[in-house]
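Asker: First the structure, then my questions, so here it is.
Chains as they are written, first to last, in the working numbering: chain A, 1 to 383; chain B, 1001 to 1352.
Next up, the structure:
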């Protein structure tokens, strides 16, 4: 594995085996009838984290979030928040607030009353409530909107009211269910950074559920990828993208080229994989826990492949260079996507940043090209 | 690969629809087209063709009868057939004369009976509406919160009484409410008399006493309340149900999440959001209850004063059609005023 940049340990408590988790999810299972929506999930989340639960629809991510909020009972397992077991604690007594996917703003109340709702339940004095609501309206930049009703607000404004309402009681843990799902792309990007900023200024632990991998990558300190009720991988965004632990994770996050192959050389410092699909051997310049003749998969991201018209010098004998024909080019502005048909018939997806303006030398349709990559560019996947 | 595939293949096969129908003979007789042509010739376009039937219906069966009643209300009572004077007369000189007799309306204000009957009707209708709301709201809430299958069965059960005659069902209540009827007998069999005795012993210092069994429930106002609440309960439940079933469960969760206990959630979220249903249901119970005749006649006592009975007596016992019509017109006004107030309240709630 590559060396990861080391940051002060206290900023990344999950790297410290001694650190005490803030949210402790242990062997949690939730069954609806015979179907396990969440299956034996264990997860530690630390104070001040912005943790993303990422998964497709039906992966169990929302169910897990609802169990944290107390809206669903656990079939098995335990959830501890700040050292307190949450079994039999009703939602209205948990130190947790939730921002709902639909925002769930009370339609018959003004913005002010929506935000003050939780504070009134705590029987705060009127001046205290006034001060706190004003503070929150300032935080989400909605001053002057106190007397509006939710149906008089735009989608982005409703989202901010929902955020302010869920932050009002200073929860120890904030659960966000697809917080940006209902916003259009441009607004979503702006709001992402605002959300991170608010998380940093308030210091509240966030758990965000999303199906949008880009959102997860840009928001979170760590991502938990969920698949069919189980956690497929937990890691920092970089780890998830660059070092996926399974074919599912590699395929779910970003796009990937996947080749099936057989191990032909298995040394401590490298392995060699013979892949008929790739049309060449794959030389991996680090050791992998595998056995000779084992069938495994090798995955490489499109941006880690280089396309050239001339055959480049082989870095490794007879490996990591393959030949094909450009079948299609898609120009996306910042980069171009090439689809290359290899001799085996397998299609390879390669992206290239358009660093030159109107490059006349750019590779085009129906050209014969060589695709090459370095020894550490891809991931070896055994499952 | 998404982008790549999206940019390909616009070449979907297009089959021209004209080819399929070309060469077939055109249909000769099109009844709807014929009808439309005729209506258009008479100046009745698509929009009027839709509005006209209900408009005619209301005109013939609602507005004209109402005008007839108003006309009778302003005429004079006579013994004869019909038992009132015509409004328009032609004098011997050939002038057309119209005589409006306000005396019928003045008479309403002079006799206490009518005002008392109006107030009593309003009181009975109002109390019945509140009782129906108290009974109907939990039922509607329960139905709205049950599972899909149970919900349909429960709704069916709410509507089921309409499948038998209204009159029959009110008659059945006589058997329940009468002295030594089903209710009295059941209470007696359960030994409730002992409970009453014990309670009376405890209440004696306060000067209160519960009457001993059998209880007189038939031919009292209590019987009328029972009858009205029983009969009109579905009209309360159904609009409440349609409102409550739309209530977004996420709002209740959000309320709980923000620290509200279930009852607080009900008061702050469920109840205010269900106000349109409460008002609609209350209107559907209150308005027909004011003019109710059958229930006070069958279950009410001699002291149960309701405008419907007064109306009946004027028409059929006294044969005083003009006074009866005046009572009916006055009742219409009495009903329309609270209706407008409720309508306005409902609009205000909906706008919020």
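Beta carbons are placed, not taken as given, at the ideal position from N, Cα and C, and that holds for glycine.
Measure how close the beta-carbons of residue 1158 of chain B and residue 1234 of chain B come, nearest whole angstrom, since I'm counting them as under 8 Å.
Answerer: 5 Å
Asker: According to the Cβ coordinates, are residue 245 of chain A and residue 349 of chain A closer than 7 Å?
Answerer: no
Asker: Any beta carbon from chain B within less than 7 Å of residue 108 of chain A's own beta carbon?
Answerer: yes
Asker: Of all the CB atoms in chain A, is at least one closer than 7 Å to the CB of residue 1261 of chain B?
Answerer: yes
Asker: By DSSP, does residue 1128 of chain B sit in helix, in strand, or in coil?
Answerer: helix
Asker: Relative to chain B, which residues along the segment 60-85 of chain A have a C-beta separation below 7 Å, given in chain order?
Answerer: 69 and 71
Asker: Assign residue 7 of chain A to buried or exposed, taking buried as 16 or more other Cβ atoms, counted over all protein chains shown, within 10 Å of its Cβ.
Answerer: Below a pLDDT of 50, predicted positions are generally treated as unreliable, and residue 7 of chain A, at 47, falls in that range; the measurement from the model is reported next regardless. Residue 7 of chain A should be labelled exposed.
Asker: Answer with yes or no whether the minimum CB distance from residue 1250 of chain B to chain A is below 7 Å.
Answerer: For residue 1250 of chain B, the nearest CB of chain A lies under 7 Å from its own CB, placing it at the interface with that chain.
Asker: Quick check: is the beta carbon of residue 97 of chain A nearer than 7 Å to any beta carbon in chain B?
Answerer: yes
Asker: Do residue 1042 of chain B and the ligand SAH come close, with the Cβ less than 6 Å from some heavy atom?
Answerer: Of ligands this structure carries none, so the ligand SAH is not represented either.
Asker: Are the C-beta of residue 364 of chain A and some C-beta of chain B separated by less than 7 Å?
Answerer: no
Asker: With a threshold of 16 other CB atoms inside 10 Å of the CB of residue 1047 of chain B, please say whether the residue is buried or exposed.
Answerer: exposed
Asker: Could you tell me whether any Cβ in chain A is nearer than 7 Å to the Cβ of residue 1257 of chain B?
Answerer: yes
Asker: Please go through the same chain and pick out, in chain order, the residues whose beta-carbon is closer than 7 Å to the beta-carbon of residue 55 of chain A, but skip the five residues on each side of it.
Answerer: 61, 211, 225, 226 and 227
Asker: Just to confirm, is the Cβ distance from residue 1091 of chain B to residue 1084 of chain B under 7 Å?
Answerer: Cβ atoms of residue 1091 of chain B and residue 1084 of chain B: not closer than 7 Å.
Asker: If you measure beta-carbon to beta-carbon, which residues of the segment 115-126 of chain A are closer than 8 Å to chain B?
Answerer: Cβ proximity to chain B below 8 Å picks out 117, 118, 121 and 122 from the segment 115-126 of chain A.
Asker: Does the Cβ of residue 30 of chain A have 16 or more other Cβ atoms within 10 Å, making it buried, or fewer, making it exposed?
Answerer: buried
Asker: Would you identify the three-state DSSP class for residue 283 of chain A, choosing helix, strand or coil?
Answerer: strand
Asker: Could you spell out the range, first to last residue, of the alpha helix (DSSP H) harbouring residue 198 of chain A?
Answerer: 185-202
Asker: For residue 215 of chain A, report the span of its alpha helix (DSSP H) as first-last.
Answerer: 213-219
Asker: Taking 7 Å as the CB-CB limit, is residue 241 of chain A close to chain B?
Answerer: no
Asker: Considering Cα atoms alone, identify which of A:285, A:203 and A:215 is closest to residue 192 of chain A.
Answerer: A:215
Asker: Measure from the C-beta of residue 1254 of chain B to each C-beta in chain A and report whether the shortest distance is under 7 Å.
Answerer: Yes, contact with chain A.
Asker: Please report how far the alpha carbon of residue 1231 of chain B lies from the alpha carbon of residue 1191 of chain B, in whole angstroms.
Answerer: 30 Å
Asker: What does the alpha-carbon distance come out to for the pair residue 289 of chain A and residue 234 of chain A?
Answerer: 20 Å
Asker: So which of B:1294, B:1133 and B:1223 has the shortest CA-CA distance to residue 1239 of chain B?
Answerer: B:1133
Asker: Residues in its own chain within less than 6 Å of residue 1268 of chain B by CB, not counting five upstream and five downstream?
Answerer: Result list for residue 1268 of chain B: empty, nothing under 6 Å.
Asker: Which stretch, first to last residue, makes up the alpha helix (DSSP H) that contains residue 1103 of chain B?
Answerer: 1103-1110
Asker: Distance cutoff 7 Å, beta carbons only. Does residue 42 of chain A sit that close to anything in chain B?
Answerer: no
Asker: Round the Cβ separation of residue 165 of chain A and residue 114 of chain A to the nearest angstrom and send it over; I've been treating them as touching at under 8 Å.
Answerer: 5 Å
Asker: By the criterion of Cβ-Cβ separation under 8 Å, what are the contact partners of residue 1264 of chain B in chain A?
Answerer: Within 8 Å Cβ-Cβ: 121.
Asker: Excluding the 5 residues flanking residue 382 of chain A on each side, which residues of the same chain have their C-beta closer than 7 Å to its C-beta?
Answerer: Taken in chain order, the residues that qualify are 290 and 296.
Asker: Got a sec: which bits of the segment 1267-1284 of chain B sit with their beta carbon under 9 Å from any beta carbon on chain A, in order along the chain?
Answerer: Of all residues in the segment 1267-1284 of chain B, only 1268, 1269, 1272, 1273 and 1275 place a beta-carbon less than 9 Å from a beta-carbon of chain A.
Asker: Using a Cβ-Cβ distance under 7 Å, would residue 9 of chain A count as near chain B?
Answerer: Confidence at residue 9 of chain A is low in this model, with a pLDDT of 44, below 50, so its placement is unreliable and the value that follows should be read with caution. Not closer than 7 Å to any Cβ of chain B, the Cβ of residue 9 of chain A fails to qualify, so no.
Asker: Residues of chain B with CB closer than 8 Å to the CB of residue 169 of chain A, please, in chain order.
Answerer: 1258 and 1259
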